[in-house]
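In the numbering used here, the protein residues as written are 4 to 195. Each residue gets a CB set at the ideal place from its N, CA and C atoms; glycine is no exception. Nothing here was measured: the structure is a model prediction, and the numbers come from that model. Below is one structure, written out as structure tokens, with a few remarks after it.
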């Protein structure tokens with residue numbers, strides 16, 4: 004594969020992750036600069052609610068929710084999960100007083116990476132399959148032969164579409180750790 008193509012495909016993935024880290028650092032720095040660090044404690048709640056709300060896409064995809072355009076819900080899932088993760092990262096800050104919270108943050112980051120990787124791999128496989136099909140159509144390959152020739156590309160696309168089999172358990176691990184962290188906060192927080 005050409006380096007230019009790899010670069011063009013890796014840049015959006017890398018920038019998405021880098022933008023999340025940079026935005027979290029900037030927001031945390033602003034809270035510290037304006038002496039509003041206490042707000043960070045509550046950003047975890049808002050971030051968690053945004054991520055939970057983003058799961059409407061998953062519920063719709065599994066037909067547990069009947070309303071909503073799947074494409075719109077997918078875009079909302081991507082943006083709300085990114086924004087919720089940003090707020091949770093600011094909430095986590097640089098405080099190391101909760102191992103359970105940090106495990107949840109790391110699971111969240113792995114989950115984000117899994118989601119972004121699946122998104123970009125699926126798009127790459129789809130483009131490759133469509134490009135191969137278009138090239139063969141321009142060459143005048145008959146439809147029956149075309150299907151046979153792009154069979155492996157179609158199989159690759161179908162396999163990549165199953166990436167959620169990896170993403171779902173990671174999401175579940177994140178959810179369990181986040182829920183355990185939330186329960187621990189309710190049990191041990193000094194409610195003064």
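Bounds of any alpha helix (DSSP H) do not take in residue 66, whose DSSP letter is neither H nor E. Taking C-beta atoms under 8 Å as the contact rule, residue 132 and residue 160 qualify, at a distance of about 5 Å. The Cβ neighbour count for residue 51, taken over all protein chains shown within 10 Å, is at least 16; the residue is labelled buried. Shown here, residue 36 sits in a helix according to DSSP, grouped into three states. Of all C-beta pairs linking the segment 64–77 to the segment 18–32, fewer than three are shorter than 8 Å, placing the two stretches out of contact.
From the listed residues 175, 128, 149, 142, the smallest Cα separation to residue 165 is found for 128. Burial state of residue 85 is buried, judged by a 10 Å Cβ sphere holding 16 or more other Cβ atoms. Out of 168, 124, 94, the CA that lies nearest to the CA of residue 29 is found in 94. Burial check for residue 184: the Cβ neighbour count within 10 Å reaches 16 or more, so the residue is buried. Two segments are said to touch when three or more pairs of C-beta atoms, one from each, lie closer than 8 Å; by this definition the segment 145–157 does not touch the segment 109–124. CA-CA distance, residue 176 to residue 155, rounds to 33 Å.
Shortest Cα-Cα distance from residue 33 to any of 96, 143, 60, 11 involves 96. Pairwise C-beta distances place the segment 76–83 in contact with the segment 40–59, as three or more of them are shorter than 8 Å.
Residue environment: residue 88 is assigned as buried (16 or more neighbouring CB atoms within 10 Å of its CB, all protein chains considered).
Judged by their CB atoms, residue 162 and residue 125 are not nearer to each other than the 7 Å cut-off. Sorting 37, 136, 113 by C-alpha distance to the C-alpha of residue 170 places 113 at the top. Judged by DSSP secondary structure, residue 58 falls outside any alpha helix (DSSP H); it is assigned neither H nor E. Straight-line spacing of the CA atoms in residue 173 and residue 142 works out to 43 Å.
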